[in-house]
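Colleague: Just so we're aligned, residue 12 is where the sequence shown starts under this note's numbering, counting upward by one. This structure is in structure tokens; I'll ask about it shortly.
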Amino acid sequence: MRFAGLSAADRARLDAVGKVWNDDLGASRQVVLDVYRLHHKEKAASDSIVVHRDIAYGADPAHRLDVFESSSRCASGRGRPVVVFVHGGAFTRGSKSSDGLIYDNVLRWFSRQGLVGVNVEYRLAPGAQYPEGARDVAAAIDWIAANIERFGGAPRSILLIGHSAGGCHVASYLYDPNVGRLPSKDVKGAVLISARLRADSLPDNPNANNVRQYFGDDEAAYEAVSPVIHGGSTRLPVLVAVAEFENRYIDAYGAEFVQRHAMRTGKAPRFVQMSRHNHTSIVAHFDTHEEELGHEIMRFAIDECGLFPCGLSCQKRK
């Protein structure tokens with residue numbers, strides 16, 4: 012059920028804000044955060060997940076990550092699969108954890124499913140411009156592959172998830188040769204949630220200025236640096252998810268990525284559009300009573316990425 016566990020009043024607030032989402036992104040986003048924060052605060056206070064905060068994966072102060080350690084180890088002793096989450100923020104803002112709640116909720120949910128979660132911070136524009144976001148993702152993956160075993164994780168079994176600008180950085184890391192780094196073979200699949208997969212400065216793009224701060228002012232170069240042009244260039248399993256109420260054009264770019272992938276490979280990747288959700292609630296709702304997208308990602312991880320080598324129960328397929 013959509014917005015399961017929320018009150019009728021909060022469900023109505025989310026439905027109302029979705030219909031005017033692009034009129035004022037800041038105000039719209041705040042409504043979503045207000046709805047979900049209390050729920051996440053109460054749940055986080057009562058769980059037993061161990062969180063290791065602000066571990067350095069590089070030299071810059073922004074090169075930090077949090078590890079969410081599952082409460083139990085894999086029965087085979089081989090470690091849990093690892094889910095890595097890269098947050099959004101329109102390239103110029105945002106952090107891996109807002110008040111220890113938003114974005115933490117994503118990793119807490121996956122930890123409850125028996126995975127080890129990693130929440131990644133990265134450098135922001137304009138100080139770090141294209142392709143530095145993707146290079147930060149590469150550095151984080153290198154650290155995870157080398158170190159995650161001590162947190163109960165399986166270093167050769169990584170699912171990489173990116174939201175919004177984080178989805179752009181993930182896709183650039185995986186597909187774009189301009190990044191100068193081949194993606195790790197330890198990444199077995201990717202999930203792009205409400206990802207900005209095309210650089211644009213269209214006048215009705217509410218984040219056009221943020222795009223320019225990351226990709227630069229040369230709009231003639233935007234096509235070549237847009238991750239969407241690489242859709243289907245590798246056989247890496249990928250799932251694309253968008254909300255019904257998106258920051259303008261993000262849903263279109265997700266659909267374009269799926270189309271390009273399908274034409275190149277002969278098979279469309281998994282594509283999910285979350286009805287009634289918006290650009291923020293599509294991730295803010297994780298670790299609530301609504302689990303549709305979470306279970307879709309778990310089925311993808313099991314069926315297409317092979318991320319359950321230790322014989323975990325497949326109850327997540329439901």
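Ideal placement from N, C-alpha and C gives every residue a C-beta, glycine not left out. Keep in mind that this is a model prediction, so the values were computed, not measured.
Does the stretch 250–264 touch the stretch 207–224, meaning 3 or more C-beta pairs lie closer than 8 Å?
Modeller: yes
Colleague: Starting from Arg24 and walking both ways along the alpha helix (DSSP H), at which residues does that stretch end?
Modeller: Here residue 24 is taken as the residue at index 13 of the sequence shown, counted from 1. Ala19 to Lys30 is the extent of the alpha helix (DSSP H) around Arg24.
Colleague: In angstroms with no decimal places, state the Cα-to-Cα distance between Ala20 and Pro194.
Modeller: Here residue 20 refers to the residue found at position 9 of the sequence shown. Here residue 194 refers to the residue found at position 183 of the sequence shown. Taking the straight line from one Cα to the other gives about 45 Å.
Colleague: Can you find the residues in the same chain that come closer than 7 Å, C-beta to C-beta, to Ser237, ignoring five residues on each side of it along the sequence?
Modeller: Locating residue 237 in the sequence shown gives position 226, where the first residue counts as 1. The residues are Leu208, Arg209 and Ala210.
Colleague: Buried or exposed, going by whether 16 or more other CB atoms sit within 10 Å of the CB of Ala86?
Modeller: By 1-based counting over the sequence shown, the position of residue 86 is 75. Note that Ala86 has pLDDT 49, beneath the 50 cutoff, so the model's placement of it is unreliable and no number is given.
Colleague: Are there 16 or more other CB atoms within 10 angstroms of the CB of Val148, so buried, or fewer, so exposed?
Modeller: What you label residue 148 is simply residue 137 of the sequence shown in a count that begins at 1. Val148 is buried by the Cβ-count criterion.
Colleague: Among residues of its own chain, excluding the 5 on either side of Tyr47, which ones have a beta-carbon nearer than 6 Å to its beta-carbon?
Modeller: Mapped onto the sequence shown, residue 47 falls at position 36. Ala295, listed in sequence order.
Colleague: Alpha carbon to alpha carbon, how far is Asp298 from Leu49?
Modeller: On the sequence shown, residue 298 is found 287 positions in, with the first residue counted as 1. On the sequence shown, residue 49 is found 38 positions in, with the first residue counted as 1. Each residue's alpha carbon lies about 12 Å from the other.
Colleague: What is the DSSP secondary structure of Asn33, counted as helix, strand or coil?
Modeller: Numbered from 1 along the sequence shown, position 22 holds the residue referred to as residue 33. Taken through DSSP and simplified to helix, strand or coil, Asn33 comes out as helix.
Colleague: Are the beta-carbon atoms of Asp153 and Leu118 separated by less than 9 Å?
Modeller: Along the sequence shown, one-based indexing puts residue 153 at 142. Along the sequence shown, one-based indexing puts residue 118 at 107. Against a cut-off of 9 Å, the Cβ pair of Leu118 and Asp153 comes out as no contact.
Colleague: Per DSSP, which residues does Gly128 bridge with? Please list them.
Modeller: Within the sequence shown, numbered from 1, the residue matching residue 128 stands at position 117. Paired residues: Phe79 and Val94.
Colleague: Measure the beta-carbon distance from Thr290 to Trp120 and round it to whole angstroms, keeping in mind my assumption that it falls under 8 Å.
Modeller: As a working mapping, residue 290 is identified with position 279 in the sequence shown. As a working mapping, residue 120 is identified with position 109 in the sequence shown. Just to set this straight, residue 290 is His in the shown sequence, not Thr. No, His290 and Trp120 are not in contact; Cβ-Cβ is about 19 Å, not under 8 Å.
Colleague: Three Cβ pairs or more, each shorter than 8 Å: is that satisfied between the stretch 250–258 and the stretch 151–168?
Modeller: no
Colleague: So the candidates are Arg246, Gly277, Gly29 and Lys52; which of them puts its Cα closest to the Cα of Ser108?
Modeller: Against the sequence shown, residue 108 aligns to sequence position 97. Here the closest residue by C-alpha is Lys52.
Colleague: Give the DSSP-derived three-state secondary structure of Ala38 in the structure shown.
Modeller: The sequence position of residue 38 within the sequence shown is 27, counting from 1. Looking at Ala38 - three-state DSSP - the assignment turns out to be helix.
Colleague: With DSSP collapsed to three states, give me the class of Lys52.
Modeller: Numbered from its first residue, the sequence shown carries residue 52 at position 41. Three-state DSSP puts Lys52 in a helix.
Colleague: For Arg134, does the three-state DSSP call read helix, strand or coil?
Modeller: The sequence position of residue 134 within the sequence shown is 123, counting from 1. Arg134: coil per DSSP, three-state reduction.
Colleague: One question on the structure: do Ala55 and Leu135 come within less than 9 Å of each other, judged by their Cβ atoms?
Modeller: Along the sequence shown, read from residue 1 onward, the residue named residue 55 stands at position 44. Along the sequence shown, read from residue 1 onward, the residue named residue 135 stands at position 124. No, they are not a contact pair.
Colleague: List, from N- to C-terminal side, the alpha helix (DSSP H) runs of 4 residues or more that fit wholly inside the stretch 192–238.
Modeller: Those alpha helix (DSSP H) runs which fall completely within the stretch 192–238 and span 4+ residues are 219–226 and 233–236.
Colleague: Looking at the structure shown, is Pro188 part of a helix, part of a strand, or coil, going by DSSP?
Modeller: Locating residue 188 in the sequence shown gives position 177, where the first residue counts as 1. Helix at Pro188.
Colleague: Check the C-beta distance from Glu315 over to Gly242 and give it rounded, since I have them as a contact under 8 Å.
Modeller: Counting from one through the sequence shown, the residue named residue 315 turns up at place 304. Counting from one through the sequence shown, the residue named residue 242 turns up at place 231. No, Glu315 and Gly242 are not in contact; Cβ-Cβ is about 16 Å, not under 8 Å.
Colleague: Assign Pro142 to buried or exposed, taking buried as 16 or more other Cβ atoms, counted over all protein chains shown, within 10 Å of its Cβ.
Modeller: By one-based count along the sequence shown, residue 142 stands at place 131. Under this definition Pro142 is a buried residue.
Colleague: Output the distance between the C-alpha atoms of Gly16 and His174, rounded to the nearest integer angstrom.
Modeller: On the sequence shown, position 5 is the one that residue 16 refers to. On the sequence shown, position 163 is the one that residue 174 refers to. Cα to Cα, the separation comes out at about 23 Å.
Colleague: DSSP three-state label for Ser286, please.
Modeller: Within the sequence shown, numbered from 1, the residue matching residue 286 stands at position 275. Ser286: strand per DSSP, three-state reduction.
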